[in-house]
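Numbering (UniProt numbering), first residue to last: 1 to 142.
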C-alpha cells in the first residue's frame, strides 16, 4: 500500500454536500461522475493548495434506494463510510491479504472512480472499518 487515497463520506444530497464543503472548508471539486455499477453519484474534493495531491475526500450519494450507499445511510445516517488506500497492483495486494485470511468483498477488482480498479476488505476483518483498495487508472482525474 502506498498512501491514503481518499476518505469516503455517504451523503443523501451530493450537490448540498459539495456546497457545504466548499463554503465551510474551502474545498474544491476535482472530479464528478455517476458509477452505476456501484449505485452512486460521486464527487472528489480537495483543498485548493492540494488539488493535485494524493489524498481526497469522496462524497457518495445513492442513485436509488437499493444502492449500498442508500442502505448505509438508512442504517447509520450520513457520515464516514470507508477509508481507501492507493495500491500499485491490486491483484498482488488481494492475493497477499487473502493469504493472511482476510475476506475481500469481490472475487475480482471492479470499476471505480475515474477508471480505477477497486476492491474492499470486509469490515469484520478490519476492525469494523470498510477498507477500499484503489489501483488508479493510468490517467487519474482527481
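For every residue, glycine included, the Cβ atom is placed at its ideal position computed from N, Cα and C.
Note that the coordinates shown come from a computational prediction; the quantities given were computed from them, not determined experimentally.
Do residue i and residue j have their CB atoms nearer than 8 Å?
{"i": "residue 27", "j": "residue 14", "result": "no"}
{"i": "residue 74", "j": "residue 102", "result": "no"}
{"i": "residue 57", "j": "residue 10", "result": "no"}
{"i": "residue 130", "j": "residue 136", "result": "no"}
{"i": "residue 121", "j": "residue 55", "result": "no"}
{"i": "residue 113", "j": "residue 29", "result": "no"}
{"i": "residue 37", "j": "residue 111", "result": "yes"}
With a threshold of 7 Å, establish whether the CB of residue i neighbours any heavy atom of the ligand GDP.
{"i": "residue 49", "result": "Looking at this structure, you won't find the ligand GDP or any other ligand, since it has none at all."}
Look up residue i in the DSSP assignment and give the residues it is bridged to.
{"i": "residue 111", "result": "117"}
{"i": "residue 62", "result": "40"}
{"i": "residue 135", "result": "117"}
{"i": "residue 85", "result": "4 and 133"}
In terms of residue numbering, what span does the alpha helix (DSSP H) encompassing residue i cover?
{"i": "residue 15", "result": "14-25"}
{"i": "residue 31", "result": "Run containing residue 31: none in the alpha helix (DSSP H); it sits in the beta strand (DSSP E), 28-35."}
Taking contact to mean at least 3 C-beta pairs separated by less than 8 Å, is the stretch 65-79 in contact with the stretch 92-101? no
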